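In case it helps, full-length UniProt numbering puts the sequence shown at residues 1 to 132. Glycine residues also receive a C-beta, built at the ideal position from the N, C-alpha and C atoms. As the structure is a computational prediction, the values presented were derived from the model and not from experiment.
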Amino acid sequence: MAELPPLPEGFSYSAEHEWVNAAADAVAGATVRVGITAVAADALGEVVYVETPGVGDAVTAGEVCGEVESTKSVSDLYSPVSGEVVAVNEFVTGNPGVLNADPYGEGWLFEVAVTEAGELMDAAGYAAANHL
Numbered sequence: 001m002a003e004l005p006p007l008p009e010g011f012s013y014s015a016e017h018e019w020v021n022a023a024a025d026a027v028a029g030a031t032v033r034v035g036i037t038a039v040a041a042d043a044l045g046e047v048v049y050v051e052t053p054g055v056g057d058a059v060t061a062g063e064v065c066g067e068v069e070s071t072k073s074v075s076d077l078y079s080p081v082s083g084e085v086v087a088v089n090e091f092v093t094g095n096p097g098v099l100n101a102d103p104y105g106e107g108w109l110f111e112v113a114v115t116e117a118g119e120l121m122d123a124a125g126y127a128a129a130n131h132l
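The following block contains the structure:
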């Protein structure tokens with residue numbers, strides 16, 4: 001396993017390796033960014049294709065909403081929250097390798113106006129669950 005960047009504090013994480021840029025207790029009613037964690041990006045290897053939901057699409061916490069393809073495999077992308085997609089990071093769809101280089105910054109995937117949070121962990125909980 002490669003040296004992974006530290007998990008951003010103040011973010012929330014799903015068991016499926018997605019992140020939300022807000023604390024779990026502040027997610028409902030907020031507009032949040034969603035991405036995949038460095039753990040997921042590292043496990044995938046070199047990301048070559050990303051499919052995200054589109055603006056206006058409804059997403060449901062824990063449900064598949066897209067996919068991430070690497071030179072090794074294809075993995076489903078799960079939404080960590082329920083709500084409506086209000087923005088998509090077009091930079092990532094044109095430059096999917098940014099998920100490997102900067103998963104918590106320029107590698108965000110989409111923004112959601114949240115109606116309900118899914119099952120989310122804080123950084124310490126995610127680190128413990130993934131033996132980091």
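Might you give, ordered along the chain, the residues of its own chain that have their beta carbon closer than 7 Å to the beta carbon of residue i, omitting 5 neighbours on each side?
i, result
"Ala40", "His17"
"Ala24", "Ser12, Ala117, Leu120 and Asp122"
"Leu44", "Val68, Ser70, Lys72, Ser73 and Ser75"
"Phe110", "Val34, Thr52, Pro53, Val85, Ala87, Val88 and Asn89"
With respect to the alpha helix (DSSP H) encompassing residue i, which residues constitute its N-terminal and C-terminal limits?
i, result
"Thr93", "Glu90 to Gly94"
"Ala44", "It should be pointed out that residue 44 corresponds to Leu in this sequence rather than to Ala. Taken as a continuous stretch (DSSP letters only), the alpha helix (DSSP H) holding Leu44 covers Ala38 to Leu44."
"Val128", "The question names Val, but residue 128 in the sequence shown is Ala. That run of the alpha helix (DSSP H) goes Ala123 to Ala129."
"Val27", "Where Val27 is concerned, there is no enclosing alpha helix (DSSP H), given that its DSSP letter is neither H nor E."
Among the residues of its own chain, which have a CB less than 6 Å from the CB of residue i, if the five just before and after it don't count?
i, result
"Ala38", "Leu4, Pro5 and Pro103"
"Val98", "Val92, Glu106 and Gly107"
"Ala113", "Thr31, Gly83, Glu84 and Val86"
Are the CB atoms of residue i and residue j nearer to each other than 8 Å?
i, j, result
"Gly66", "Glu51", "yes"
"Gly83", "Thr115", "yes"
"Val20", "Val81", "yes"
How many Å lie between residue i and residue j at the Cα?
i, j, result
"Asp42", "Gly62", "21 Å"
"Leu77", "Ala124", "22 Å"
"Tyr126", "Ala15", "7 Å"
"Val47", "Pro96", "6 Å"
"Ala101", "Leu7", "14 Å"
"Val27", "Asn130", "22 Å"
"Gly79", "Val64", "Looking at the sequence shown, residue 79 is not Gly but Ser. Near 6 Å, if we compare the C-alpha coordinates of Val64 and Ser79."
"Asp57", "Ala128", "33 Å"
In its own chain, which residues sit with a C-beta less than 8 Å from the C-beta of residue i, not counting the 5 before and 5 after it?
i, result
"Ala22", "Gly10, Phe11, Ser12, Ala30 and Val32"
"Val55", "Val85, Val86, Ala87 and Val88"
"Leu132", "Leu4, Leu7, Val39 and Tyr126"
Just to confirm the assignment, what range does the beta strand (DSSP E) spanning residue i have?
i, result
"Leu99", "No beta strand (DSSP E) holds Leu99; the alpha helix (DSSP H) holding it covers Val98 to Ala101."
"Phe110", "Phe110 to Ala117"
"Tyr104", "Careful: Tyr104 lies outside any beta strand (DSSP E) and carries neither H nor E."
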